[in-house]
Amino acid sequence: MMADYDAIVIGAGSVGVPIAYFLAKEGLAVLCVDGRPSSGQGENKSAIGGVRATHSDPAKILLCKESLRIFSSWKGDTGTDIGWKMGGYCFPVFREEEERTLRSILPVQRKFKLNIDFLSAKEIEKAVPGIQEKGLRGGTLSPEDGQVSPLLAVESFTNEARGLGAEFRFGEPVNSLVMEGKTVAGIRTPKGEYKAPVTVNAAGSAATAICRMAGIDVPVRPDSHEAGITAPVKQFLNPLVVDIRPGPEGKTSNFYFGQVHGGQFIFCYTPRQPFYGEDRRSTSEFMPTIARRMAELIPRLRGLTVRRVWRGTYPMTPDGVAVVGKPSKVQGFYVAIGMCGQGFMLGPGVGANVASHIAKGRPLIDPEVFALLSPDRDFTAAKTEKLK
Ligand SMILES: Cc1cc2nc3c(=O)[nH]c(=O)nc-3n(C[C@H](O)[C@H](O)[C@H](O)COP(=O)(O)OP(=O)(O)OC[C@H]3O[C@@H](n4cnc5c(N)ncnc54)[C@H](O)[C@@H]3O)c2cc1C
4 MMADYDAIVI
14 GAGSVGVPIA
24 YFLAKEGLAV
34 LCVDGRPSSG
44 QGENKSAIGG
54 VRATHSDPAK
64 ILLCKESLRI
74 FSSWKGDTGT
84 DIGWKMGGYC
94 FPVFREEEER
104 TLRSILPVQR
114 KFKLNIDFLS
124 AKEIEKAVPG
134 IQEKGLRGGT
144 LSPEDGQVSP
154 LLAVESFTNE
164 ARGLGAEFRF
174 GEPVNSLVME
184 GKTVAGIRTP
194 KGEYKAPVTV
204 NAAGSAATAI
214 CRMAGIDVPV
224 RPDSHEAGIT
234 APVKQFLNPL
244 VVDIRPGPEG
254 KTSNFYFGQV
264 HGGQFIFCYT
274 PRQPFYGEDR
284 RSTSEFMPTI
294 ARRMAELIPR
304 LRGLTVRRVW
314 RGTYPMTPDG
324 VAVVGKPSKV
334 QGFYVAIGMC
344 GQGFMLGPGV
354 GANVASHIAK
364 GRPLIDPEVF
374 ALLSPDRDFT
384 AAKTEKLK
């Protein structure tokens, strides 16, 4: 086989762009293709930019720790501001059951040396000025988590990858894979055929279709979520706030919001009933529902002006955990898909590990933990992780 590149990445999104960047950093000749006109036009631009390592799943913890390291040092390393704000994450608690849930995952978070604690109501009131005091029991605060602008980040990672020699081709949807027996030898787009010894599927919500082209079945299902952003106001809220109580209106299972580096509030909720599919029309119930929940939690948010709302998709897997690795049934193929609601925060950590795995034969994190993400795992007996 005559190769045009050392590696091809399908998808210039939250995950594909960092993979291209880190592969180029490893010295590989990389092509990254996307059907859309520029980087980050898939789900990356839907994300609100929350980045935390304080999960309960070990692989997510280690990969997001790596992402935090990369995001937080990006400006110093490259000179480009990507909106990094180390404001932390706060999960305030009003009921015993949520306190039990959050306290139950502290031991695993401490085992991985994450900076997180369960604080008193008074301390949470200090961290979240203006929060409803009635019934507040306390909550967790993880001050080293933070926020990044997905739009600024994907642009900067693309520019840096280009600087390292990576090539990007936009407006070129992958229609089929070049198969040589059970080996993926490259890709076909309407503009041509490109070959490489390894092709990485980082196609987000469209990842299952690409897997099928390689003859394997990995279940990734788009699950739609809405979000919005306000006009900027003076900074007063440091952490990204997550309220995991189900909403009294029966529509929401949790909601989260934060004030970004530019002063805007950015917000989102998880519908109690998932909306599967690619429908991106905003619903009439999103804004009144989230506005009520935010104003009840922090009454001083009442006067905010909403600038824009949107609806995007989480690329969901049956167990709520990403799928990263080499599928054993096909050669020359790698997947970094099914990022669920955390693809933006996982992106750089996944990128650095995938590049190391491809270029050096081993990931950066403990290989046994990395293997928990394997595409060969059994998805039929899936148990979704409690905190998404
Ligand atoms: C409302 C909302 C809020 C969110 N908030 C957060 C958050 O705070 N933090 C967080 O970490 N995550 C968040 N997410 C989730 C995050 O957006 C996704 O997990 C993440 O963007 C997925 O990254 P990806 O690279 O897999 O997919 P994408 O970023 O969608 O990239 C996939 C790319 O593949 C391309 N593609 C698809 N098919 C083809 C093909 N055949 N040929 C060529 N290219 C193709 C697409 O055009 C796309 O650009 C949020 C999502 C939503 C909807």
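Each residue of the sequence shown is one higher than the one before, starting from 4 at the first, in the working numbering.
Ideal placement from N, C-alpha and C gives every residue a C-beta, glycine not left out.
Note that this is a predicted model, so its numbers are computed, not measured.
When the distance is taken between beta carbons, is residue j closer than 8 Å to residue i?
i, j, result
"residue 261", "residue 269", "yes"
"residue 205", "residue 19", "yes"
"residue 245", "residue 257", "yes"
"residue 370", "residue 174", "no"
"residue 230", "residue 310", "no"
"residue 124", "residue 242", "no"
"residue 17", "residue 153", "yes"
"residue 117", "residue 145", "yes"
"residue 21", "residue 350", "yes"
"residue 368", "residue 221", "no"
"residue 324", "residue 289", "no"
"residue 8", "residue 27", "no"
"residue 326", "residue 203", "no"
"residue 291", "residue 226", "no"
"residue 198", "residue 189", "yes"
"residue 328", "residue 338", "yes"
In the DSSP assignment, what are the bridge partners of residue i?
i, result
"residue 67", "Its beta-bridge partners do not exist; DSSP assigns none."
"residue 228", "315"
"residue 190", "180 and 197"
"residue 112", "Residue 112 is not bridged to any residue."
"residue 15", "None; residue 15 has no bridge partner."
"residue 35", "12 and 171"
"residue 202", "11 and 336"
"residue 243", "92"
"residue 259", "245 and 271"
"residue 150", "53 and 88"
"residue 120", "144"
"residue 279", "226"
"residue 233", "309"
Starting from residue i, trace the beta strand (DSSP E) in both directions and tell me its first and last residue.
i, result
"residue 162", "Element bounds for residue 162: not the beta strand (DSSP E) but the alpha helix (DSSP H), 153-166."
"residue 393", "Lying before the first or after the last residue shown, residue 393 is absent from the chain, which here runs from 4 to 391."
"residue 170", "170-173"
"residue 96", "92-96"
"residue 144", "141-145"
"residue 273", "268-274"
"residue 307", "Taken as a continuous stretch (DSSP letters only), residue 307 belongs to no beta strand (DSSP E), as it is neither H nor E."
"residue 327", "326-328"
Quick one: is residue i buried, meaning 16 or more other Cβ sit within 10 Å of its Cβ, or exposed?
i, result
"residue 303", "exposed"
"residue 283", "exposed"
"residue 238", "exposed"
"residue 354", "buried"
"residue 322", "buried"
"residue 381", "exposed"
"residue 14", "buried"
"residue 95", "buried"
"residue 252", "exposed"
"residue 320", "buried"
"residue 12", "buried"
"residue 365", "exposed"
"residue 55", "buried"
"residue 308", "exposed"
"residue 393", "Only positions 4 to 391 of the chain appear in this structure, which leaves residue 393 out of reach."
"residue 162", "exposed"
"residue 37", "buried"
"residue 316", "buried"
"residue 266", "exposed"
Could you check where the alpha helix (DSSP H) with residue i kicks off and where it finishes?
i, result
"residue 356", "346-363"
"residue 46", "Taken as a continuous stretch (DSSP letters only), residue 46 belongs to no alpha helix (DSSP H), as it is neither H nor E."
"residue 382", "Looking at the DSSP string, residue 382 is not in any alpha helix (DSSP H), and its letter there is neither H nor E."
"residue 375", "Per DSSP, residue 375 belongs to no alpha helix (DSSP H) and is neither H nor E."
"residue 300", "289-300"
"residue 130", "124-130"
"residue 212", "210-216"
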